[in-house]
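Asks: Sharing a structure with you now.
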Amino acid sequence: MEDCAVRVRPPLAACLARGVETRLVIATTGPDLDSRVRAAALAWLRQRCTPDDPVVTRRELLNFQFEGQTFPLIDNQLGIRKPKGLAAALSILTTYTSDRKRPPYEDAVGDDGLLRYKFQGNLKHYTNAALQVAHDRQVPLMWFFGIGPGLYLPFAPVWVTAVEADQSQVAVALEDSQRHLSVDGVTSEIERRYSQRISRNRLHQPVFRQRVIQAYESSCAMCRLRHRSLLDAAHIIPDRDVRGVPAVSNGVSLCKIHHAAYDENILGVRPDFVIEVRADVLREVDGPMLKHGLQEMQSVRLELPKRRADRPNPDLLAERYERFRAAI
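FYI, in full-length UniProt numbering the residues of the sequence shown are 1 to 328.
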């Protein structure tokens with residue numbers, strides 16, 4: 001069991017009453033510190049992350065304040081955060097990598113539907129040992145998933161449900177309901193599908209959404225609406241299709257109205273990024289939403305991301321555009 005000394009600032013009035021300095025060194029036992037840190041960090045994330053602003057910055061995570069002191073929630077260099085004084089890992093981090101470097105989420109989900117997180121280098125590295133302790137004690141962790149340079153989408157709490165040393169990885173549950181799942185192949189087919197759906201809905205879709213919306217600077221590519229909670233990451237090739245990969249180049253940031261219109265083939269996008277409105281919809285006469293929200297999109301060019309790598313893949317747009325033309 002580890003002990004540590006943590007500097008904390010007690011209330012100023014109490015310090016003055018006792019005639020002590022405003023910085024004290026307090027001996028804190030590992031388990032007590034552990035529970036307080038995790039509770040404080042999780043409470044901060046719940047308050048900090050909102051539908052309009054769910055993404056945290058690297059600076060925020062490095063400058064987290066705990067009991068009056070800076071207590072980083074991530075390691076400055078490593079993917080696994082094991083603070084001094086805690087026996088178990090506090091958080092894990094997945095660095096942002098562009099689509100061109102590797103497919104997103106490659107090998108991230110096992111057949112059991114549980115996510116996998118790779119060890120840090122040597123199997124005996126202290127951070128890997130801290131993941132083993134997190135598993136043994138079943139303490140909650142935070143997972144920060146990179147969606148852009150210095151930007152992370154938090155998932156918390158998560159739990160290490162198995163240590164697979166032979167594969168240099170751990171299995172991670174995103175929900176409490178996944179914690180009982182077996183990783184030795186005896187999980188039922190229904191449980192596996194349920195777990196896979198959780199991982200898809202809780203990780204893959206949110207990460208894809210935030211990466212796409214971030215690339216478009218939190219704006220609808222068609223109408224420029226900038227309310228993040230009203231934006232979706234629309235797939236060009238649907239994710240149910242074998243080619244519908246969760247890559248930014250297979251997505252477009254659209255408001256919910258234009259996303260629905262795109263999915264229903266009311267609107268189409270040509271490979272040159274120009275919007276077309278279905279002919280019968282152009283002939284309709286109705287209220288202002290039809291006129292301004294749909295009909296006036298005819299021949300408008302998409303507002304594209306600044307980075308070329310984040311722009312829609314023209315080949316995927318061409319394939320989707322042919323489906324739009326076939327629906328006319």
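Yeah, the Cβ is synthetic: ideal placement off N, Cα and C, and Gly gets one too. Since the model is a prediction, treat every value here as computed from it, not as a measurement.
Could you pull the start and end residues of the beta strand (DSSP E) that LEU302 belongs to?
Replies: If you look at LEU302, you'll find it isn't in any beta strand (DSSP E); DSSP assigns it neither H nor E.
Asks: Evaluate contact between the region 220-235 and the region 295-307, counting only Cβ atoms and requiring at least three cross-stretch pairs below 8 Å.
Replies: yes
Asks: What residues in its chain sit with their C-beta under 8 Å from that of LEU282, if we drop five residues either side in the sequence?
Replies: So the qualifying residues of the chain are GLN295, GLN298.
Asks: From ILE213 to GLY110, what distance separates their C-alpha atoms?
Replies: 27 Å
Asks: Would you mind stating whether VAL277 and PRO154 have Cβ atoms separated by less than 8 Å?
Replies: no
Asks: With DSSP as the reference, label PRO154 as helix, strand or coil.
Replies: strand
Asks: What residues match up with MET289 in a beta bridge as DSSP calls it?
Replies: Checking the DSSP bridge columns, you'll see MET289 has no partner listed.
Asks: Using CA atoms only, rank isn't needed, just tell me which of GLN210, GLY268, ALA279 is closest to PRO51.
Replies: Comparing Cα-Cα distances from PRO51 to each of GLN210, GLY268, ALA279, the minimum goes to GLN210.
Asks: If we call anything under 8 Å between Cβ atoms a contact, is PRO271 one with PRO238?
Replies: no
Asks: Extract the residue ranges of the beta strand (DSSP E) inside the region 65-104, only unbroken runs of 3 or more that lie entirely within it.
Replies: 91-94
Asks: How is the alpha helix (DSSP H) around GLU319 delimited, first residue to last?
Replies: 314-327
Asks: Would you say ALA39 and LYS82 are within 8 Å of each other, going by their C-beta atoms?
Replies: Contact flag unset, no.
Asks: Less than 8 Å between the CB atoms is what I'm expecting for VAL163 and TRP143, so what's the real figure, rounded?
Replies: About 16 Å separates the two Cβ atoms, so there is no contact after all.
Asks: So, under 8 Å CB-CB, SER249 and SER219 are touching, yes? Tell me the CB distance rounded to an integer number of Å.
Replies: Rounded, the Cβ-Cβ distance is 18 Å, inconsistent with contact.
Asks: Closest to ILE74 by CA distance: which of SER35, ALA87, ILE92, ASP280 is it?
Replies: ILE92
Asks: Under 8 Å between the Cβ atoms of LEU61 and PRO72?
Replies: yes
Asks: Around the Cβ of LYS80, are there at least 16 other Cβ atoms within 10 angstroms (buried) or fewer (exposed)?
Replies: According to the sequence provided, residue 80 is Ile. The question's Lys does not apply to it. Label assigned to ILE80: buried.
Asks: If you drop the 5 nearest sequence neighbours on each side, which residues of the same chain put their C-beta closer than 7 Å to that of LEU78?
Replies: GLN120, THR127
Asks: Look at the alpha carbon of LEU231 and the alpha carbon of HIS125, and state the distance between them as a whole number of angstroms.
Replies: 42 Å
Asks: Of all the beta strand (DSSP E) runs that stay within the bounds of the region 181-237, which reach a length of 3 or more residues?
Replies: 231-235
Asks: In chain order, what residues of the same chain lie with their CB nearer than 7 Å to the CB of residue 352, ignoring the 5 residues before and after it?
Replies: Absent from the model: residue 352. The displayed extent of the chain is 1 to 328, so no value can be given.
Asks: Quick check: ALA88 and ALA43, are their CB atoms within less than 8 Å of each other?
Replies: no
Asks: Among residues of its own chain, excluding the 5 on either side of ILE275, which ones have a beta-carbon nearer than 8 Å to its beta-carbon?
Replies: MET222, LEU267, GLY268, VAL269, MET297, GLN298, SER299, VAL300, ARG301, LEU302
Asks: What is the DSSP secondary structure of LYS256, counted as helix, strand or coil?
Replies: Secondary structure of LYS256 (DSSP, three-state): helix.
Asks: Who are the near neighbours of LEU123 in its chain, counting only those whose CB is closer than 8 Å to its CB and skipping five residues on each side?
Replies: ALA165, SER168
Asks: Where do the ends of the beta strand (DSSP E) carrying VAL269 lie?
Replies: 267-269
Asks: Excluding five sequence neighbours on each side, which residues of the same chain lie with their C-beta closer than 6 Å to the C-beta of ASP310?
Replies: ALA215, VAL248
Asks: Can you tell me the Cα-Cα spacing of ARG323 and PRO246, whole angstroms?
Replies: Answer to the nearest angstrom: the Cα atoms are 20 Å apart.
Asks: Under a three-way DSSP split, which group does ASP272 fall into?
Replies: Three-state result, ASP272: coil.
Asks: Report the CB separation of VAL37 from LEU90 in whole angstroms; it is logged as a contact under 8 Å.
Replies: 7 Å
Asks: Since VAL170 is in the beta strand (DSSP E), which residue starts that stretch and which ends it?
Replies: 169-173
Asks: Would you call the CB atoms of GLN236 and LEU115 closer than 8 Å?
Replies: Inspection of the sequence shows that residue 236 is occupied by Ile rather than by Gln. Taking 8 Å as the Cβ cut-off, ILE236 and LEU115 do not qualify as a contacting pair.
Asks: By how many angstroms is the C-alpha of GLU175 removed from the C-alpha of PRO157?
Replies: 8 Å
Asks: Given this structure, state the Cα-to-Cα distance separating PHE208 from ALA233, to the nearest angstrom.
Replies: 7 Å
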